[in-house]
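Peer 1:
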Amino acid sequence: MKYEITREPLRLDDLIAAVQTEACGAVVAFLGVVRELGDGDQPVDGLSYEAYPELALTEMRAIGAQASRKFGDARVAIAHRIGDLGIGEASVAVAVAAAHRGVAFDACEHAIDELKRRVPIWKKEHFRSGAARWRPNAVPGT
Amino acid sequence: MRIQILAFAGLREIVGGAERTLEVPDGETAGRAWDALAREFPRLAEIERSIRLARNGAFVERDAALRDGDVLAIMPPFGGG
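Heads up: the sequence lines are chains A and B, in that order.
Residues in the first sequence are numbered consecutively from 89, following the numbering used here.
Residues in the second sequence are numbered consecutively from 252, following the numbering used here.
(1) Can a CB atom of chain B be found closer than 7 Å to the CB of Pro224 (chain A)?
(2) So, using beta-carbon positions, are Val311 (chain B) and Ala281 (chain B) closer together than 7 Å?
(3) Out of B:Ala258, B:Phe292, B:Ile298, which one is the CA nearest neighbour of Ala305 (chain B)?
(4) Look at the Cβ atom of Gly171 (chain A), then the Cβ atom of Arg223 (chain A), and state whether they are nearer than 7 Å.
(5) Would you identify the three-state DSSP class for Gly171 (chain A), choosing helix, strand or coil?
(6) According to DSSP, is Glu299 (chain B) helix, strand or coil?
(7) Note down, in chain order, all residues in the segment 108-140 of chain A with a beta-carbon under 8 Å from any beta-carbon belonging to chain B.
(8) Could you have a look at Ser179 (chain A) and say whether DSSP puts it in helix, strand or coil?
(9) Compare the C-beta of Ala324 (chain B) with all C-beta atoms of chain A and state if any pair is closer than 7 Å.
(10) Span of the alpha helix (DSSP H) holding Arg290 (chain B)?
(11) If Ala165 (chain A) and Val122 (chain A) are in contact, beta carbons under 8 Å, what's the gap, nearest whole angstrom?
(12) Is the shortest distance between the beta-carbon of Ile166 (chain A) and the beta-carbons of chain B less than 7 Å?
(13) Would you say Pro208 (chain A) lies against chain C (beta-carbon separation less than 7 Å)?
(14) Please tell me whether Gly268 (chain B) has its Cβ less than 7 Å away from any Cβ of chain A.
(15) Which residues bound the alpha helix (DSSP H) around His188 (chain A)?
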């Protein structure tokens, strides 16, 4: 399985190849991409991401291991891009392979939810107005 | 003793750089090292409740003891994805 923090464009094919085996009947792939509207629905030119790579990779591996335990046979790969990204570019990619699709969908959703909650990565929104602001993820229950 | 501070995102901007060294008393905890930084940079105190700390690449709570040469990361709320 594969866990990566990279400055290069994300390649979903590489993640899928890392998780798929002959025992897998389902592969679910998720891409998070930069959209044109940021906080308060203000238009952005793009986002910049930074990470604490050492700890981020530790947490990403733990999320993959947790998903495999929680969802039986799920195999998980996660990659997150850092640096400056434009609208439409992928910031995060998750690929999950499993024997059946139900487990693969559930494990993929779990992995991206956990990534947003516990992996030390940050994004700054660069608004078209010229302003820029760090944007934390929403915390469930608040 | 001397520890290394790693600051990320908005905290990096407040303290004016990703890395700095901090002189602290022997046996200092992660939380008290943060307090020392917050005295130097009062804007840190405003966001204290939301920060996370890591010692040598692993999450810790405020009461974690530090040793000479430790790396203490100070992190604002995450925004990955």
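Backbone N, C-alpha and C fix where the C-beta goes; we use that ideal spot for every residue, glycine too.
Peer 2: Working from what's here:
(1) The residue given as residue 224 (chain A) occupies position 136 in the first sequence. It does: the Cβ of Pro224 (chain A) has a partner Cβ on chain B nearer than 7 Å.
(2) Locating residue 311 (chain B) in the second sequence gives position 60, counting from the first residue. Locating residue 281 (chain B) in the second sequence gives position 30, counting from the first residue. Yes.
(3) Taking the first residue of the second sequence as position 1, residue 305 (chain B) is located at position 54. The shortest C-alpha separation from Ala305 (chain B) is found at B:Ala258.
(4) Residue numbering aside, residue 171 (chain A) sits at position 83 when the first sequence is read from its first letter. Residue numbering aside, residue 223 (chain A) sits at position 135 when the first sequence is read from its first letter. Contact annotation: Gly171 (chain A) and Arg223 (chain A) have beta-carbon atoms that are not nearer than 7 Å.
(5) Residue mapping note: residue 171 (chain A) aligns to position 83 of the first sequence, counting from 1. Note: Gly171 (chain A) maps to strand in three-state DSSP.
(6) If you number the second sequence from 1, residue 299 (chain B) lands on position 48. Helix at Glu299 (chain B).
(7) Within the segment 108-140 of chain A, the residues whose Cβ lies closer than 8 Å to some Cβ of chain B are Gly120, Tyr137, Glu138, Ala139, Tyr140, listed in chain order.
(8) Numbered from 1 along the first sequence, position 91 holds the residue referred to as residue 179 (chain A). Per DSSP, reduced to three states, the secondary structure at Ser179 (chain A) is strand.
(9) Along the second sequence, one-based indexing puts residue 324 (chain B) at 73. It does; some Cβ of chain A falls within 7 Å.
(10) Position 39 of the second sequence, counted from the first residue, corresponds to residue 290 (chain B). 281-291 is the extent of the alpha helix (DSSP H) around Arg290 (chain B).
(11) Your numbering for residue 165 (chain A) matches position 77 in the first sequence. Your numbering for residue 122 (chain A) matches position 34 in the first sequence. 21 Å between Cβ atoms; not a contact.
(12) Start at 1 with the first residue of the first sequence, and residue 166 (chain A) comes out as number 78. No - not a single Cβ of chain B is within 7 Å of the one on Ile166 (chain A).
(13) Absent from the structure is chain C; the protein chains it does hold are A and B.
(14) Residue mapping note: residue 268 (chain B) aligns to position 17 of the second sequence, counting from 1. Cβ-Cβ to chain A under 7 Å: no for Gly268 (chain B).
(15) Here residue 188 (chain A) refers to the residue found at position 100 when the first sequence is read from its first residue. Per DSSP, His188 (chain A) lies in no alpha helix (DSSP H) segment and is marked neither H nor E.
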